[in-house]
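Okay, structure first, notes after.
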Amino acid sequence: MADAEELSLEETNRLRIQAGLAPLGEETEDVIDEDQVAYDNYQQLKEDRQREKNAKEVMERIEKAKNRQKATEKLKGKGLGDASDDEESAMKWIKKSRKREKELAEKRARELAEMDKGFEGVQYDSADLTGMKVAHDMAEFEDGGEVILTLKDRGILDEEDEDGIELTNVNLEERERLRKNQENKKKKPGYNVYDDEEFTIGGASKNLLSQYDEELEGPKRTSFVIGQEGRVGQDSPAQQKASIAQKLKAQAVDLSYEKMQEVKDYYTHEEAALTFKKPKKKKKVRRRVAQDDEDSVENGTPANVQQDTSYMAVDEQPAAPVKKSFDEENFVDDDDLQQALARTRRIANKKKQQIQRITPEDIARNIAQQRDTEQLDNENEDEADSGLVISNTSEFVNSLSMDPVIEREKRERERQQAEAEAAAAASSAIVTEMQLDSEEDVDMENAESADMPHENGENEEEISAVVDEPLVSRGMAATLALLNQKGFIAKPTEDQLQREKHAAGRLKWIAEQKRKDAQRERERERDRLRDKERDKGREGRGRDYEREREHEREVEKERKERERMKEYEQRMKDYKPDVNIEYTDEFGKVMTPKEAYRVLSHKFHGKTSGKAKTEKRLRKMQEELALNSMGSSDTPHNLAAAMIDRQEKTGSAHFVLSVGNRGVLPGDEDNAAKKRRTE
Amino acid sequence: MVEIECNDRLGKKIRVKASPRDTIGDFKKLVAAQIGTEARKIVLKKWYKEFKDHITLDDYELHDGMNVELYYR
């Protein structure tokens, strides 16, 4: 550490003196003993405290002395226990009290007298009641009853009413309170949709949230004032009107209803009465009336006859009502009539069924009969032309006149026929059978022969241009015929026929197998029985024998197994299963392999063809359907029928389609005119 | 009389003779006379405690031979 600079004491002292400080070295003499100072200080403090304490004590003493002096000043005089200086005796005290009593009595008597004087000469009657207010509604008082009214209670601090005195009856008040409590118990909804000024007719407008008003303003009370000479209820006409209006207003219909009503299982009586009643059946009554009419007619006729047989007109009269009643029955849905109709219908149906069930002999008989009748009819027709008769045959004949049409049709038919012949050679007879059936009088047995239908078909072609379609109602055969005619049933192809043959073979094979199986089963059963018997016979022999037998059995089993295998092989040699997988679309139509592939593909990929494609397909299908459902002898646009119609109209076998560019035929009207002239 | 060392640690180190009853202000005057810096520019410290001018050395318990840090304002 480097040496610090230092000044000498003299230099320092000089500096100190210059700075105005005491020079060093002098102060060394007066060294202060701090302990001594502290002691002195403490002594002084103690002394001071002592002095203060003393002063306080003195002050308190002085105060006490002063208080005592004051108290003694108040207690100056005589105490109760001290002997009184007065000469007051008991006698004196009694006299004094008596005097006081007398004075009080006099005062009271004077007051009473004054009161009496006030009431003297005043009579209290009904006139005094004038202007008094009764705090009840007039309606509360029963007629002829007696009600005691008292002054109404009033708070002590309440100010006097300007209306005057109010009268009330305790019972009535009680009743009012009870009514109000009951009213409060019914929970009325605060808000009412229909509770509007326009719905309370002529009523004063309600305050906002009026349901809380009562609590704020206190209960509203109706009251009336007793009038002249105690009369009551003699209001002026205006007042009466007002009161009536108020009553009517109170009766206004409330449109509110319980919205949150629970649905109950049962109706109350009122609700049940509201529901619709079943209308009573009138049918029976009407029928009875009709019967009555008839009865009366029946009854009446003889009576009339009896009364005056001379008047024929009168006799005829009863007939009219009968007719009338029938008419009525026609209009009314009469049960009897319906029943009768139903019965006849049933009978007719039965007959029809019988006809269908008839045997060949019956048919032959029928035909013979028909021929007879036809002959008869012809004769009859010759003899008597009785009106216009429209029949199938006549229609036929009518349509025969159009030669050209027939020619064309015929050619077409022949072409079809050729095709049919080719197919029919292999086909079953069913198809043609159906065609046959379309004619009424041909029986089914005839159709069995394959040759017949052609002849028949040819006949048909010769007969008609418009082929009659067999009626479905005639039976199953007719239905099949129709279907065939319409092309719903496809003709069997070569392939189909082949398959059918296969199927037949297969059936036969299956039957054979079944038979064989049964036989084998029987054999096995027999073997088992034999084995069992053998076992029974050899029971209880040695163990060796058991083993031997076991071995034997196994060998036999093996042999049987081999046999069966061989048999199975043989059997399966001929096995040709007929597998034909068909896919149908959503309409139930059998799809071609191509279509089926498309559907499967769509299903697999989860997408279908677009709108246009689908529509096209549907259109195609519809067209096909239309083609199937149209008349088999006509084009899809019914051209043949239109042509026949035209021919009938013009009466000529031909007609001109167009002349040059003109759409209208010039010769039409001329022809018609000519025709008319000739006729 | 007490001798107190003042060191500014920058090269100045002095020993000052003073009375214990001298105030810090008086002491600063003596220091100023020795180092040639004005008394009001002088700051005396012991660690972070700065000594105030009106309090005596005795009251700060600055005894003979003690060191005081010297700073300049």
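Residue numbers (the numbering used here), protein chains in the order written: chain A, 155 to 833; chain B, 156 to 228.
Glycine included, each C-beta is placed from N, C-alpha and C at the ideal position.
Checklist entry - Who are the neighbours of A/E159 on chain B, taking C-beta pairs under 9 Å? => result Neighbours of A/E159 in chain B, taken as residues whose beta carbon is under 9 Å from its own, are K167, K168, I169, R170, Q189 and I190 in chain order.
Checklist entry - Using 8 Å as the limit for Cβ to Cβ distance, is B/M156 near chain A? => result yes
Item to check | B/K201 (DSSP reduced to helix, strand or coil) | outcome: strand
Item to check | Where the alpha helix (DSSP H) containing A/R222 begins and where it ends | outcome: Residue range E188 to K228 is occupied by the alpha helix (DSSP H) that includes A/R222.
Checklist entry - What residues in its chain sit with their C-beta under 8 Å from that of A/A502, if we drop five residues either side in the sequence? => result none
Checklist entry - Based on the DSSP output, what are the partners of A/L321 in its beta bridges? => result A/V288 and A/L305
Checklist entry - Using a Cβ-Cβ distance under 8 Å, would A/T166 count as near chain B? => result yes
Item to check | Length of the line joining the Cα atoms of A/R222 and A/R205 | outcome: Their Cα atoms are separated by approximately 27 Å.
Checklist entry - What does DSSP give as the partner residues of B/Y227 in its beta bridges? => result B/I197
Checklist entry - Any idea what DSSP makes of A/E736, helix, strand or coil? => result coil
Item to check | Test: B/E160 CB closer than 8 Å to a CB of chain A | outcome: yes
Item to check | Same chain, Cβ closer than 7 Å to B/H218, five either side skipped, listed in chain order | outcome: V157
Checklist entry - Comparing alpha-carbon positions, which option in A/K690, A/R697, A/R701 and A/Y722 lies nearest A/R674? => result A/Y722
Next on the checklist: Buried or exposed for A/Q172, going by 16 or more other Cβ atoms inside 10 Å?
Outcome noted: exposed
Item to check | Nearest-angstrom Cα separation, counted from A/L266 out to A/E274 | outcome: 12 Å
Checklist entry - Measuring CA to CA, which of A/S377, A/N520, A/E416 and A/R385 is closest to A/T284? => result A/R385
Item to check | Of the residues A/R752, A/G629 and A/N546, the one placed nearest A/T768, counting alpha carbons only | outcome: A/R752
Checklist entry - When the cut-off is 8 Å and only beta carbons count, does A/A173 lie next to chain B? => result Output row for A/A173: interface = yes.
Next on the checklist: Which residue wins for smallest C-alpha separation from A/S377, given the options A/D291, A/L409 and A/T422?
Outcome noted: A/D291
Checklist entry - A/L199 touches chain B at which residues, Cβ-Cβ below 8 Å? => result Correct list: empty, because the minimum Cβ distance to chain B is about 23 Å.
Checklist entry - Who pairs with B/I159 in a beta bridge, going by DSSP? => result Per DSSP, B/V171.
Checklist entry - How would you label A/A635, buried or exposed, when you count the other beta carbons within 10 angstroms and need 16 or more for buried? => result buried
Checklist entry - Roughly how many whole angstroms lie between the Cα atoms of A/L491 and A/K504? => result 20 Å
Item to check | Alpha-carbon spacing of A/K339 relative to A/V301, whole angstroms | outcome: Each residue's Cα considered, the two are about 29 Å apart.
Next on the checklist: Check this for me: beta carbons of A/K306 and A/L321, under 8 Å apart or not?
Outcome noted: yes
Next on the checklist: Using 8 Å as the threshold, is the C-beta distance between B/V186 and B/V171 below it?
Outcome noted: yes
Next on the checklist: At the level of alpha carbons, what is the spacing between A/L178 and A/N195?
Outcome noted: 29 Å
Item to check | B/N222, DSSP secondary structure in three states | outcome: strand
Item to check | For A/T376, three-class secondary structure by DSSP | outcome: DSSP, read as helix, strand or coil, puts A/T376 in coil.
Checklist entry - If you draw a straight line from the alpha carbon of A/N638 to that of A/R680, how long is it in whole angstroms? => result 55 Å
Item to check | Min CB distance B/D214 to chain A below 8 Å | outcome: no
Next on the checklist: Less than 6 Å between C-beta atoms, sequence neighbours within five positions excluded: which residues of the same chain meet that for B/M229?
Outcome noted: Because residue 229 of chain B is not part of the residues shown, which for chain B are 156 to 228, the question remains open.
Checklist entry - Using 8 Å as the limit for Cβ to Cβ distance, is B/D163 near chain A? => result no
Checklist entry - Going by DSSP, which residues form a beta bridge with A/V744? => result DSSP, once it has assigned bridges, lists A/T738 as partnering A/V744.
Checklist entry - Of all Cβ atoms in chain A, is any one closer than 8 Å to the Cβ of B/L185? => result yes
Checklist entry - What does A/E425 pair with, by DSSP beta-bridge criteria? => result According to DSSP, which records beta bridges pairwise, A/E425 is partnered with nothing at all.
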